[in-house]
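Structure first, then comments.
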Amino acid sequence: MQEILINWSPQETRVAVIEQGAVQELHVERTLERGLVGNVYLGKVSRVLPGMQSAFIDIGLERTAFLHVADIIAPFAPGSRSANSAATPDRDHRERNGPAVPIERLVHEGQSLLVQVIKDPIGTKGARLSTQISIAGRLLVFLPQDNHIGVSQKIPNDLREALRQRMLALGQAAAAAENNGVVPTNTGGFILRTNGEDASDAELAEDIAYLRKTWLRIREMAGIKPPVSLLHQDLSLLQRVLRDLVNEDTQSIRIDSREQHEVLLKFGREFMPKAAEKLQLYKGERPIFDLFSVDEEIARALGRRVDLKSGGYLVVDQTEALTTVDVNTGGYVGARNFDDTVFKTNLEAAQAIARQLRLRNLGGIIIVDFIDMTRDDHREQVLAEFRKQLARDRVKTTAGGFSQLGLVEMTRKRTRESLAHMLCEPCLSCGGQGIVKTARSVAYDVLREILREARQFTPREFRIVSSPQVIELFLDEESQHLAGLSDFIGKPISLQAEQAIGQGQYDIVLL
Numbered sequence: 086m087q088e089i090l091i092n093w094s095p096q097e098t099r100v101a102v103i104e105q106g107a108v109q110e111l112h113v114e115r116t117l118e119r120g121l122v123g124n125v126y127l128g129k130v131s132r133v134l135p136g137m138q139s140a141f142i143d144i145g146l147e148r149t150a151f152l153h154v155a156d157i158i159a160p161f162a163p164g165s166r167s168a169n170s171a172a173t174p175d176r177d178h179r180e181r182n183g184p185a186v187p188i189e190r191l192v193h194e195g196q197s198l199l200v201q202v203i204k205d206p207i208g209t210k211g212a213r214l215s216t217q218i219s220i221a222g223r224l225l226v227f228l229p230q231d232n233h234i235g236v237s238q239k240i241p242n243d244l245r246e247a248l249r250q251r252m253l254a255l256g257q258a259a260a261a262a263e264n265n266g267v268v269p270t271n272t273g274g275f276i277l278r279t280n281g282e283d284a285s286d287a288e289l290a291e292d293i294a295y296l297r298k299t300w301l302r303i304r305e306m307a308g309i310k311p312p313v314s315l316l317h318q319d320l321s322l323l324q325r326v327l328r329d330l331v332n333e334d335t336q337s338i339r340i341d342s343r344e345q346h347e348v349l350l351k352f353g354r355e356f357m358p359k360a361a362e363k364l365q366l367y368k369g370e371r372p373i374f375d376l377f378s379v380d381e382e383i384a385r386a387l388g389r390r391v392d393l394k395s396g397g398y399l400v401v402d403q404t405e406a407l408t409t410v411d412v413n414t415g416g417y418v419g420a421r422n423f424d425d426t427v428f429k430t431n432l433e434a435a436q437a438i439a440r441q442l443r444l445r446n447l448g449g450i451i452i453v454d455f456i457d458m459t460r461d462d463h464r465e466q467v468l469a470e471f472r473k474q475l476a477r478d479r480v481k482t483t484a485g486g487f488s489q490l491g492l493v494e495m496t497r498k499r500t501r502e503s504l505a506h507m508l509c510e511p512c513l514s515c516g517g518q519g520i521v522k523t524a525r526s527v528a529y530d531v532l533r534e535i536l537r538e539a540r541q542f543t544p545r546e547f548r549i550v551s552s553p554q555v556i557e558l559f560l561d562e563e564s565q566h567l568a569g570l571s572d573f574i575g576k577p578i579s580l581q582a583e584q585a586i587g588q589g590q591y592d593i594v595l596l
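Pasting the structure below:
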C-alpha cells in the first residue's frame, strides 16, 4: 500500500512516497529552480558539430541545449514546413535505412527548431532535446508528429489490440472533427497510459481533445513568437503527483496547505477524478513529514554510508561517470557460517540498494559490488531478489548478471538531477571532495525550524545566526518568504551573520 505526503511552502514543494511504512521516493521542486523536462521551446541552432553528429540549440537557458541526430525526427521550422506535413525524402531514407543522413543536412546554424526537453541540465551538461514532441495527459500521451498507436506494457496482452483499435477510431474521429469531416493523412499518434485501461470512450475522447488543443496552441505560438521562446510548460510537481504518482495502490494523498489543497482538488476533479478522491488536507500539529521521519531519511540519503538492520552497511559514491555501491558485512555475525552470513547480508542489501536508488534518484550507470559468494545458488537468489526489487521502480532499470569480477552492472534512466545534486553543492573548503547543503537549502531548513519552534515556544523574538551566505539570501531573494513567516507566527525575526559558522550550520536564538 502507498501513501503520498505533500509538504508545500511558497518557496518549495516536497513530495514523499511512502510504501510499507518507509520512504521510497522523494520529489523536490523549487519555485526558482523548476525542472524543464516536457517544456517545448522554439529554439535556435547556435552550432552544428558534424564530428559528434550533434547540435547546440539556444533555448534561452544559461547553457545551450544538446540535440543529437538520433533525436531529430523531421527538420521543420515554423513558417516553412508543418510538423504534420508529409515526411521529407531525408526522413523517409532515414526510416528505411537507419540514421544515414548526417546532421549537417538536417539542421544549420541560425535555423529555428521546435524542440522539447527530454533531460534536465545535469552538472556541467546542458539540457537534452528532441524534435519529437510528446504531450502527456491524464490517460494518454499525444505524439502529434507520429501515427503510431501504443499501449502501456503494464496492460495485459489480451487487451492491447482492442484498446489499440478503440484509440485509432477515437483519434481519427477527433482529427476529422478539426478538418470538416475529412480524416487527414497524419492524425497524430497516442500512447495509452496504464490508468487508461478502464477508461470509457467519452473519457478518452475528452483527453484527446485536450491534448490536440494543447498542440494547436503550441503551433500557433510557434508562428507568433520569436526564436528562443518558451511555448509550453509541463505541469507543476503538485499536478504531476496526481498524473504520474497515483496508482491503484495509493490509499491517500495528504497535503499540508489549505490553499494548495483547494487548487489541487479543483484540478483533480477536472482531469483526474479518481485521484482527487484520495486527496486529503492534513490538519495535524506536527509537520507532515514528521509522520514518517522524512527529514531524517533525507539526511541519511545525503550520506555515503547506509546501515542495514543486520549490522552490515552500504557505501554509496556518486561520480560524474557512474555510481558505485559497495556492500560490507560490518558487525553482522549472526549466521551459522561465513557463507550464510554473506548470503543474508547480500539479500538484505539487494532490497536496500533498490530503495536507495529510488530515494536518491540515482541514474545512469550503477555498479554494485556485493560481497563475494562462493555458491552459485546464492548468487542466483541474490540477483533474483535484486531484480524483483528493481521491478517496483517506476523509472526504467536494466540489470545484468554477475561479471567475472563479481560485480553487477545496471542502468537506471536519468532525466533529472539526483537528490544530492539538487540539495547540495561541492564544498569549497574541502577542495570539492565533499558536499554541503546549499545556502537556499539551509535557509529553507531555518524557516521550517522556526515554524516548528513557534508551535512550542512563545519568545519575544527569533534570531537567526548563520553564515554570511545564508543571511545574504534572507536579505535578498528570500526576504519575502522570511517576512511572510514573521507575519504568520506573529513574531519578529532578526538576522546575525557569523563568519566562523559553516554554510550548512545555523542557530535559532529565542529572545
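So in our numbering, the last one in the sequence shown is 596, and the numbering has no gaps at all. C-beta atoms are modelled at their ideal positions from N, C-alpha and C, and glycine is treated no differently.
Check, Outcome
"Secondary structure, beta strand (DSSP E): runs of 3+ residues fully inside the region 405 to 479", "407 to 413, 449 to 454"
"4-residue-minimum alpha helix (DSSP H) runs that sit fully inside the region 346 to 414, ordered along the chain", "358 to 361, 379 to 386"
"For V125 and Q201, believed in contact at Cβ under 8 Å, the rounded distance", "5 Å"
"6 Å CB neighbourhood of V331 in its chain, flanking five on each side removed", "A360"
"Where P511 sits in the DSSP three-state scheme", "strand"
"Given 8 Å, three or more beta-carbon pairs between the region 297 to 310 and the region 92 to 110", "no"
"Proximity winner among S564, P577, L90, V493, relative to D326 (alpha-carbon distances)", "The residue asked about is misnamed: residue 326 is Val in this sequence, not Asp. Comparing Cα-Cα distances from V326 to each of S564, P577, L90, V493, the minimum goes to L90."
"Continuous alpha helix (DSSP H) assignments of at least 4 residues falling wholly in the region 490 to 573", "504 to 508, 524 to 539, 553 to 560"
"Rounded straight-line distance, which links the Cα of Q588 to that of K522", "7 Å"
"Cβ neighbours of R213 in the same chain (closer than 6 Å, five flanking residues each side left out)", "F151, I203, K204"
"Bridge partners - Q201, DSSP secondary structure assignment", "V125, S215"
"Best match in A258, T279, R190 for proximity to L224 [C-alpha to C-alpha]", "T279"
"Proximity of V527 and V555 at Cβ, strictly below 8 Å", "yes"
"Cβ-Cβ distance between W300 and I234 below 8 Å", "no"
"Rounded distance between the beta-carbons of V379 and A101, thought under 8 Å", "5 Å"
"Residue from I157, G281, L536 whose Cα sits closest to the Cα of F547", "L536"
"Chain-order list of residues whose beta-carbon lies under 8 Å from that of R440 (same chain, five-residue window excluded)", "A107, Q109, Q474"
"Per-residue DSSP class, three states only, for L228", "strand"
"Contact set for D334: own chain, Cβ-Cβ below 7 Å, skip 5 residues either direction", "M86, Q87"
"Rounded Cβ spacing between I452 and V427 (contact assumed at less than 8 Å)", "Incorrect: roughly 19 Å between the Cβ atoms, too far for contact."
"Residues of its chain near V192, where Cβ-Cβ distance is below 8 Å and the 5 sequence neighbours each way are ignored", "V130, V133, A140, L152, I157, P160, L198"
"Neighbourhood of T500 by C-beta distance below 6 Å, restricted to the same chain and skipping five residues each side", "V122, K204"
"Buried versus exposed, by CB contacts within 10 Å (16 or more), E347", "exposed"
"Enclosing alpha helix (DSSP H) for D592 [first to last residue]", "Note, D592: premise wrong, no alpha helix (DSSP H); beta strand (DSSP E) at 591 to 595."
"L111 versus R304, L323, I293, Q318, residue with shortest Cα-Cα distance", "L323"
"Minimum C-alpha distance to E344 - residue among E355, D329, Q336, L366", "L366"
"Per-residue DSSP class, three states only, for L152", "strand"
"Separation of S237 from I293, as counted between CA atoms", "17 Å"
"Rounded straight-line distance, which links the Cα of E189 to that of I532", "Here residue 532 is Leu; the residue named in the question, Ile, does not match the sequence. So the alpha carbons of these two residues sit roughly 52 Å apart."
"Start and end residues, alpha helix (DSSP H) containing N242", "242 to 263"
"Host alpha helix (DSSP H) of R304 (start-end)", "286 to 309"
"Where N271 falls: helix, strand or coil (DSSP)", "coil"
"Unbroken beta strand (DSSP E) run spanning Q324, endpoints", "Q324 -> not in any beta strand (DSSP E); alpha helix (DSSP H) instead, spanning 322 to 325."
"Run of the beta strand (DSSP E) containing I234, from where it starts to where it stops", "234 to 236"
"Alpha-carbon spacing of R115 relative to T404, whole angstroms", "24 Å"
"Nearest-angstrom Cα separation, counted from E381 out to S337", "22 Å"
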